[in-house]
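Data block below; observations after.
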Amino acid sequence: MPFFLASLCIFLQGVNAAFDVLLICNVNVYELSQRLLLRKIPLDVSEILRMGLLTRLALMGLGGLLMLYARWRIMGTGPPAFTEVDNPASFAENIFLRMVNYNYYYSLNAWLLLCPWWLCFDWSMGCVPLIKSATDWRMVWLLLLWCILIGLISQALCSQDSQRRRTLTLGLVLLVVPFLPACNIFFRVGFVIAERVLYLSSAGYCLLLAYSKLLCVSVLALLCVCVARCALRSHQWRSEQSLFTSALSVCPFNAKVHYNVGKNLADRGNSTAAIAYYREAVRLHPTYVHAMNNLGNILKERNELIEAEQLLSKAVSIQPDFAAAWMNLGIVQNSLQKFEEAEQSYWNAIRFRKKYPDCYYNLGRLYADLNRHVDALNAWRNATVLKPDHSLAWNNMVILLDNTGNLGQAELIGREALRLLPNDHTIMFSLANVLGKLQKYKESEGFFLHALRINPNAASCHGNLAVLYHRWGKLELAKKHYELSLKLDPEAPGTRDNYNMLRRKLDQKNKS
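Positions -17 to -1, 1 to 495 (mature numbering (1 follows the signal peptide of the UniProt record, and there is no 0)) are the ones given, in order, by the sequence shown.
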């Protein structure tokens, strides 16, 4: 019995210990427990020592302790923090309700072993409603589960057939011990049901069923059903879309399922359908801040700014440290020209997430809109310090310095950016414009041409290169790139006028 109690802590070592005790050493667990508890018959350990059992168990125990230590070093000393939506039963009002719901979860896991048809990628939130009363009809499944387990345990301990005892005991160990870390007894886990924890338990289940020859036909039929179900489930796991959609029929009241379907649709560009699923997720779980944030983002992109602001404001009121929602709220408020509120929202986001380059970038855009150029440059510089490959922040610094006449500083920033991002065509384009204004035509031409090799269909790049050639006096090259720019974008502002001006100049030159 001590070997099985030790297995409560390290289930893989426990399974191996049980296999060693029952099959290799052929120990009678019932007699061993009687000797230890009643002490009527002295315990002879010489045979066990001779077979090396204790040595093997000590090595397995040491290995288990080393694995626990490694995990402790990686994850830290504290347990992970879970919320009510992850595991509702562990947040139930009293210990009775917690234990009842834990046992109901056990019965659901047992049912999944028997009939793995009701499968879902996520069982949190409202997927499994809590049992809140002793009169709930689902209490029957708890009683049935324990009646079966008690019957199997009594057979494993009291059967006169030693082979039957060993088979049943090993089957129960394989069935129960691998499941123990997920049973909420030793610590709170972050899920309701996790089908992956049943992989090893299924070995014990198969061993128990296979022992009775009368069940061979049933097992064969069950095997065929499981193979078919496995093939179907594997097909569902081939893509996020099919996986998330399959969960709708299993857990239609799980807000997280609707959230994931909506997120997948949004990622594929179907924002209209995504909105419907996000709204349903918020309806099912009114404090689901991530669904509110994503819905607010889509509404922001559709220019439905008032509702987006309401959703994001509600999200940060529910979870004040939700940095992403604060940043998105700031973007919406900036679009609504609520500049002071937007600035405060950005700083709230940075307060809750110190290293937030995207928020510094958006804060810089706000300052640029308010003509607070020094503040804008500082914000964008912070973004590039936190994320050196933040292309947009680098590019905006170059453009702002260019627009304010600080061409020398703009050149320095542009060259610094290209040392970090040597193939960024947008920064090349901005730096080429600066160099052109500094009359460094040859260098400017090189950056324009390099940018066009990376992105040959950039109408603005062809247009500005044409302006460079126009100033440089290379009129035929200017004409060529004006025409390419107009071909790619006939409505490009200013390009048509510059092209017409060049043609008049060429006509005058030809006449003379």
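For each residue, glycine too, the CB sits at the ideal point set by N, CA and C.
Quantities reported herein were computed from a predicted structural model and do not represent experimental measurements.
Tell me the DSSP secondary structure of residue i in three-state form.
i: Tyr52; result: helix
i: Ser413; result: helix
i: Thr118; result: coil
i: Ala359; result: helix
i: Met108; result: coil
i: Cys98; result: coil
i: Lys470; result: helix
i: Gln302; result: coil
i: Cys166; result: coil
i: Gln320; result: coil
i: Cys103; result: coil
i: Gly245; result: helix
Using 8 Å for Cβ pairs, my map puts residue i next to residue j. What's the rounded Cβ distance?
i: Leu278; j: Leu294; result: 6 Å
i: Leu451; j: Ser427; result: 6 Å
i: Glu394; j: Leu375; result: Going by Cβ atoms, the distance from Glu394 to Leu375 rounds to 19 Å, so no, they are not a contact pair.
i: Ala291; j: Lys283; result: 4 Å
i: Ala332; j: Cys342; result: 5 Å
i: Tyr89; j: Cys166; result: 7 Å
i: Leu155; j: Leu135; result: 6 Å
i: Met411; j: Ala434; result: 4 Å
i: Lys462; j: Leu485; result: 6 Å
i: Ser73; j: Arg171; result: 5 Å
Have a look at residue i and residue j and give me their C-alpha separation to the nearest angstrom.
i: Gly173; j: Ile437; result: 47 Å
i: Asn86; j: Ser318; result: 52 Å
i: Phe236; j: Leu91; result: 17 Å
i: Lys338; j: Trp124; result: 50 Å
i: Asn389; j: Arg334; result: 32 Å
i: Ile396; j: Gln422; result: 18 Å
i: Pro161; j: Leu183; result: 6 Å
i: Ala325; j: Leu383; result: 21 Å
i: Thr150; j: Leu190; result: 7 Å
i: residue 497; j: Ala307; result: Residue 497 is absent from the structure shown; the chain starts at -17 and stops at 495.
i: Leu181; j: Leu346; result: 49 Å
i: Ala449; j: Gln392; result: 25 Å
i: Thr118; j: Ala53; result: 46 Å
i: Lys457; j: Ile281; result: 47 Å
i: Val159; j: Ser145; result: 21 Å
i: Ala256; j: Ala264; result: 13 Å
Use the C-beta contact count for residue i: other C-beta atoms within 10 angstroms, 16 or more gives buried, fewer gives exposed.
i: Ala41; result: exposed
i: Arg348; result: buried
i: Trp100; result: exposed
i: Ser232; result: exposed
i: Asn493; result: exposed
i: Asn386; result: exposed
i: Gly477; result: exposed
i: Ala211; result: exposed
i: Ala249; result: buried
i: Trp309; result: buried
Are residue i and residue j closer than 8 Å when you measure CB to CB?
i: Leu102; j: Arg216; result: yes
i: Asp372; j: Leu401; result: no
i: Lys239; j: Asp105; result: yes
i: Val381; j: Val417; result: yes
i: Met108; j: Ile114; result: no
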